[in-house]
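First residue of the sequence shown? That's 4 in our numbering, and the numbers climb one at a time after it. Heads up, the thing below is written out as structure tokens.
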Amino acid sequence: RGPRAFRGGRVFTAESTASQETGEPADADPMGSSARWLAYVGEHDGRDGHATLVFEHAPSNDHSGEKGTHPAHWFVRSDPFAAVAPSWAFHEELVLPPGETLARAYRVVVADGAWNR
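Have a look at this one:
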């Protein structure tokens, strides 16, 4: 969950296409997407500065499920609060048998400024 100031932030993914009007990445709705990475751009309170947070599945995750693991999707919103999280049960239930484990790794980049790609 992000700070209150990040409400209404801009979100784009590895699959985002550029807007014809602004040239900035534009997604219809990245909620539930299975993109390799997702970026969230927000503005700081009272500073007129921006930050970009990039969340990426580690290669070992097999986030798309192509190698037989359970696919992961992004849970992301900018209102009523900023939030980004991987979800393994977004579209369907993930059943983990007793004694089994699920291990995932992620990379997070915290950058100064508003990135557009």
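Virtual Cβ for every residue (Gly too), placed ideally from N, Cα, C. Just so you know, these numbers come straight off a predicted model, no measurement behind them.
query: From 101, 106, 115, 58, pick the residue whose C-alpha is nearest to that of residue 15; which is it?
result: 58
Unbroken beta strand (DSSP E) run spanning residue 18, endpoints: It is not in any beta strand (DSSP E) - residue 18 carries neither H nor E in the DSSP assignment.
field: C-alpha distance - residue 87 paired with residue 51, whole-angstrom precision
entry: 22 Å
message: Using the Cβ count rule (16 or more neighbours within 10 Å means buried), how would you classify residue 111?
response: The residue is exposed, with fewer than 16 neighbouring Cβ atoms inside 10 Å.
- prompt: With a Cβ-Cβ cutoff of 8 Å, do residue 105 and residue 91 count as a contact?
  reply: yes
- request: Put residue 7 into one of helix, strand or coil per three-state DSSP.
  value: DSSP places residue 7 in helix when its eight states are reduced to three.
field: Residue span of the beta strand (DSSP E) that contains residue 69, given as start and end
entry: Run containing residue 69: none; DSSP gives neither H nor E here.
message: Rounded to whole angstroms, what is the Cα-Cα separation between residue 83 and residue 44?
response: 16 Å
message: Between 5, 34, 60, 32, which has its C-alpha nearest residue 48's C-alpha?
response: Closest by C-alpha distance to residue 48, out of 5, 34, 60, 32, is 5.
Chain-order list of residues whose beta-carbon lies under 6 Å from that of residue 113 (same chain, five-residue window excluded): 56
Three-state class that DSSP yields for residue 63 in the structure shown: helix
Neighbourhood of residue 38 by C-beta, 7 Å cutoff - its chain only, sequence neighbours within 5 removed: 16, 17, 18, 77
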